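**Q** Once you've had a glance at the structure underneath, I'll fire off some questions.
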Amino acid sequence: MSSIVKQGDWIILYHSDKHRYVVKVEEGKMFHTTYGSINLSSLIGLKYGDEVETNVGEKLTISRANFVDRLETIHKHTQVIYPKDAAYILIATGIGPGSRVVEAGTGTGYMTAILAWYVKPSGRVYTYEIRKDFYEKALKNLENLGVLQHVEAKNKDIRNGIDEEEVDAVILDMPDPWTVTEHAKNALTHGGTIAVFIPTMPQLEKTVVSLRKTGFKQIEPTEIQLRKYKPIPEELRPETLGVVHTGYVVLARKL
Numbered sequence: 001m002s003s004i005v006k007q008g009d010w011i012i013l014y015h016s017d018k019h020r021y022v023v024k025v026e027e028g029k030m031f032h033t034t035y036g037s038i039n040l041s042s043l044i045g046l047k048y049g050d051e052v053e054t055n056v057g058e059k060l061t062i063s064r065a066n067f068v069d070r071l072e073t074i075h076k077h078t079q080v081i082y083p084k085d086a087a088y089i090l091i092a093t094g095i096g097p098g099s100r101v102v103e104a105g106t107g108t109g110y111m112t113a114i115l116a117w118y119v120k121p122s123g124r125v126y127t128y129e130i131r132k133d134f135y136e137k138a139l140k141n142l143e144n145l146g147v148l149q150h151v152e153a154k155n156k157d158i159r160n161g162i163d164e165e166e167v168d169a170v171i172l173d174m175p176d177p178w179t180v181t182e183h184a185k186n187a188l189t190h191g192g193t194i195a196v197f198i199p200t201m202p203q204l205e206k207t208v209v210s211l212r213k214t215g216f217k218q219i220e221p222t223e224i225q226l227r228k229y230k231p232i233p234e235e236l237r238p239e240t241l242g243v244v245h246t247g248y249v250v251l252a253r254k255l
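Each residue of the sequence shown is one higher than the last, beginning at 1 in full-length UniProt numbering.
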């Protein structure tokens with residue numbers, strides 16, 4: 001991997017832990033921060049770890065952005081599956097290179113991008129989104145993140161059926177996933193997993209009932225909790241503020 005900043009690279013411009021900026025290097029583009037502006041063209045050819053000055057003399061350090069950093073640039077016009085829940089879903093479903101995964105709804109493309117990143121280079125994500133405006137925005141996000149080639153996006157209502165067969169996993173993030181459990185079972189390969197993300201207890205109950213009626217096995221409703229601590233030795237304790245609840249994850253297998 002090159003240590004030189006190139007056109008099209010995703011980078012972090014770091015000022016402090018509270019002020020860091022993730023941006024794609026594009027020639028001729030100005031990037032504006034709290035600490036002034038930078039012409040991104042001036043970064044091309046510099047080394048990672050170099051410092052650059054804004055137009056008002058503030059120094060920022062150039063670092064390489066990873067994929068999670070890049071996800072921060074997605075404008076979240078819908079609620080997304082948080083990284084802690086997404087990570088659990090990935091591990092629990094066994095999704096990896098070569099996996100074929102059905103997802104609904106696409107929303108911003110946040111979870112779609114994560115799935116695409118992990119199924120590449122030979123896998124495929126088939127994502128369904130009923131709203132045309134969300135579908136179009138998600139396509140732009142996926143293209144910008146460089147994962148669109150691993151995705152087949154559909155502006156369709158998954159409640160009307162799933163086109164794919166013998167898929168490894170079905171991921172549902174929608175208000176009424178119980179309307180899709182039969183379609184999901186038909187689409188899954190034997191041994192495949194369905195993962196449902198829902199925010200409320202009534203939705204959780206309806207989903208579990210539907211999975212049982214549909215004949216899924218190993219039904220596991222779960223809540224993943226994450227507790228962050230202040231990174232100060234003299235004050236090492238849980239952070240005062242934080243997200244207490246994101247949602248529930250229900251896993252089930254076709255066996």
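Using N, Cα and C, we set each Cβ at its ideal position, and we do this for glycine too.
Note that the coordinates shown come from a computational prediction; the quantities given were computed from them, not determined experimentally.
Please check the pair Leu-13 and Leu-71, which I expect to be a contact at CB under 8 Å, by giving their CB distance rounded to whole angstroms.
**A** With a beta-carbon spacing of about 17 Å, Leu-13 and Leu-71 fall beyond the 8 Å limit used to define contacts.
**Q** With DSSP collapsed to three states, give me the class of Thr-240.
**A** coil
**Q** Please determine, among Tyr-128, Ala-195, Leu-251, Val-249, the residue with the shortest C-alpha to C-alpha distance to Asp-163.
**A** Considering only Tyr-128, Ala-195, Leu-251, Val-249, the residue with the shortest C-alpha distance to Asp-163 is Tyr-128.
**Q** Who pairs with Lys-24 in a beta bridge, going by DSSP?
**A** Trp-10
**Q** Since Ala-138 and Ala-116 are thought to touch, with beta carbons under 8 Å apart, how far apart are those beta carbons, to the nearest angstrom?
**A** Contact flag wrong, Cβ pair sits at about 11 Å.
**Q** Looking at the unbroken alpha helix (DSSP H) that takes in Gln-102, where does it start and where does it end?
**A** The question names Gln, yet the displayed sequence has Val at residue 102. Not the alpha helix (DSSP H): Val-102 falls in the beta strand (DSSP E), residues 100 to 104.
**Q** Check residue 264 in the structure and name its three-state DSSP category.
**A** In the structure as shown, the chain begins at 1 and stops at 255. Residue 264 is therefore absent and cannot be evaluated.
**Q** Can you tell me which residues form a DSSP beta bridge with Arg-253?
**A** Thr-193, Lys-217
**Q** Compare the C-alpha of Asn-66 against each of Ala-252, Asn-186, Val-23, Glu-234 and name the closest.
**A** Val-23
**Q** Using C-beta distances below 6 Å, list every residue in its chain close to Ala-92, excluding the 5 sequence neighbours before and after it, in chain order.
**A** Leu-251
**Q** Should Arg-100 be labelled buried (16 or more other beta-carbon atoms within 10 Å of its own) or exposed?
**A** Classification for Arg-100: buried.
**Q** Let me know the secondary structure DSSP gives Lys-59 once reduced to three states.
**A** strand
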